[in-house]
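Residue 162 is where the sequence shown starts when you use our numbering, and the numbers rise one by one after that. Accompanying notes for the structure given below.
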Amino acid sequence: MTTGVAALWSARNSLRILVRRDLAVKYQQSVLGYFWSLIEPLGMGLIYWFVFGVLYSGATRGHLGDAAGSYPLFLVTGIFAWMWASSALTEATNALTGQARLITTMNVPRQVFPIGRVTGRFAEYAAGLPILAGIAAVYAAHGKIHVGWTLLALPLAVSVQFVLLVGIALLLSAFNVLMRDIERFMRLIIRVLFYATPIIYPLGLVRDSGMPAWVKLAYELNPLVGIFQLHHSIWYPDEFPDARLLTITVLGSVLVLAAGWWSFRRLEPAVLKEL
Numbered sequence: 162m163t164t165g166v167a168a169l170w171s172a173r174n175s176l177r178i179l180v181r182r183d184l185a186v187k188y189q190q191s192v193l194g195y196f197w198s199l200i201e202p203l204g205m206g207l208i209y210w211f212v213f214g215v216l217y218s219g220a221t222r223g224h225l226g227d228a229a230g231s232y233p234l235f236l237v238t239g240i241f242a243w244m245w246a247s248s249a250l251t252e253a254t255n256a257l258t259g260q261a262r263l264i265t266t267m268n269v270p271r272q273v274f275p276i277g278r279v280t281g282r283f284a285e286y287a288a289g290l291p292i293l294a295g296i297a298a299v300y301a302a303h304g305k306i307h308v309g310w311t312l313l314a315l316p317l318a319v320s321v322q323f324v325l326l327v328g329i330a331l332l333l334s335a336f337n338v339l340m341r342d343i344e345r346f347m348r349l350i351i352r353v354l355f356y357a358t359p360i361i362y363p364l365g366l367v368r369d370s371g372m373p374a375w376v377k378l379a380y381e382l383n384p385l386v387g388i389f390q391l392h393h394s395i396w397y398p399d400e401f402p403d404a405r406l407l408t409i410t411v412l413g414s415v416l417v418l419a420a421g422w423w424s425f426r427r428l429e430p431a432v433l434k435e436l
C-alpha cells in the first residue's frame, strides 16, 4: 500500500487534470453551472425544514437542544456533507466502467479514477462552505449559536469523510466492473443511509428511543454517524461525538480504506481484462 500511495502521489497532476475535466464536463451545458451544487442542498434543506421544523416540530425540538433555535443551519450542515457523500458514491460506482478508454490508455495508477470522483465532489462541497458560513454568521449575530473552538471539527470531519469515501469508492468501482448490479444496488443503499444517519435529526433522538440496545450499537457502528456528528458539532459543541463513537468512526474509516485499497489491487487484473 505504501508503494501504491507513492505512485498515486507521483500521479497527482493527472488526478488534478481528471478532476478539472470531470467538473467541466458535468457543468458545460448547464446555464447555472456550479450553482447547482448549492441549489440542490439548499432546496433539500428547505423541504426538510418544512416537514420536521414546521409540521413535526414537536417531535424533533425536544432532542435538538441548542440546535432548536437554528434548525435550518443544523439541516443545511448535514445536507451539504451528505450531498458530497451520496454524489461521490454514486459516481465512483461507474468510475471505471464509464472511463474504460482512458483507463486502458493512460499510464497512471487506476486508483486515480475513483479517487478523482471523490475529490471532484469534495470541490463542490467546498464551494458551498461560504454559504454555510454565511448562514451560521446570521444565527451567531442573533445569539442562537456560538462559534468557537469547535470550528476545528471541520477539518477533522472532512478528513475522516474523505478517507471513508475513498475506501468505499475503490471497493464499488472495482466490483461494479465485475458485477454490474452493484450500481443499481447502491441506489437503494444510499437512500437507506440517508435516513440511517443523523443528518436531518439529532443522534439523541436515536439514543433516547425505545429500540433495543443492540440496534443502537449497530446503528453507531456506521462510520457516517460519527462523521455527521463531527459536522454538526462545528456549530453545536454538544453534538461532538464521545470517545467511543469517535474511535469507532476513525478506526472504521481507516479499515474501510485499507480494505478498499487491498481489494482494488487484488481485483485490478480481472477488472482490466473485463474492460
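Note that beta-carbon positions come from the ideal geometry of N, C-alpha and C, so glycine has one too.
Burial state of residue i (16 or more Cβ within 10 Å)
| i | result |
| --- | --- |
| THR311 | buried |
| ASP369 | exposed |
| PRO430 | exposed |
| VAL411 | buried |
| TYR356 | exposed |
| ALA302 | exposed |
| GLY239 | buried |
| PRO359 | buried |
| MET244 | buried |
| VAL327 | buried |
| MET205 | buried |
| ARG182 | exposed |
| ASN174 | exposed |
| ILE409 | buried |
Under the three-state DSSP convention, the category residue i falls into
| i | result |
| --- | --- |
| ASP342 | helix |
| ALA288 | helix |
| HIS393 | helix |
| ASN383 | coil |
| SER370 | coil |
| PHE401 | coil |
| ILE388 | helix |
| LYS305 | coil |
| LEU257 | coil |
Straight-line Cα distance separating residue j from residue i
| i | j | result |
| --- | --- | --- |
| LEU236 | LEU354 | 16 Å |
| SER414 | ILE208 | 30 Å |
| HIS307 | ALA420 | 39 Å |
| LEU293 | LEU234 | 8 Å |
| VAL321 | PHE241 | 16 Å |
| LEU378 | ILE361 | 20 Å |
| ASN337 | TRP422 | 15 Å |
| THR265 | THR258 | 11 Å |
| TYR146 | ILE276 | Residue 146 cannot be examined here, being either before or after the span of the chain that is shown, 162 to 436. |
| ASP403 | LEU184 | 37 Å |
| LEU385 | LEU391 | 10 Å |
| LYS305 | ALA318 | 23 Å |
| ALA374 | LEU333 | 31 Å |
| GLU381 | PRO316 | 21 Å |
| PHE425 | VAL417 | 12 Å |
| PRO291 | VAL269 | 34 Å |
| LEU433 | ILE200 | 38 Å |
| VAL273 | LEU176 | 6 Å |
| SER171 | LEU325 | 22 Å |
| PHE323 | MET372 | 31 Å |
Span of the alpha helix (DSSP H) around residue i
| i | result |
| --- | --- |
| PRO359 | Premise fails: PRO359 is in no alpha helix (DSSP H) and is neither H nor E. |
| LEU418 | 404 to 435 |
| MET267 | Premise fails: MET267 is in no alpha helix (DSSP H) and is neither H nor E. |
| VAL237 | 232 to 254 |
Margin query: Does the region 338 to 355 come into contact with the region 248 to 260, if we say contact requires no fewer than three beta-carbon pairs (one atom in each stretch) closer than 8 Å?
Written below: yes
Notebook entry, point to check: Would you call the region 312 to 323 and the region 391 to 399 in contact, with 3 or more CB pairs under 8 Å?
Noted result: yes
Next item on the list: Evaluate contact between the region 278 to 288 and the region 361 to 368, counting only Cβ atoms and requiring at least three cross-stretch pairs below 8 Å.
Entry: no
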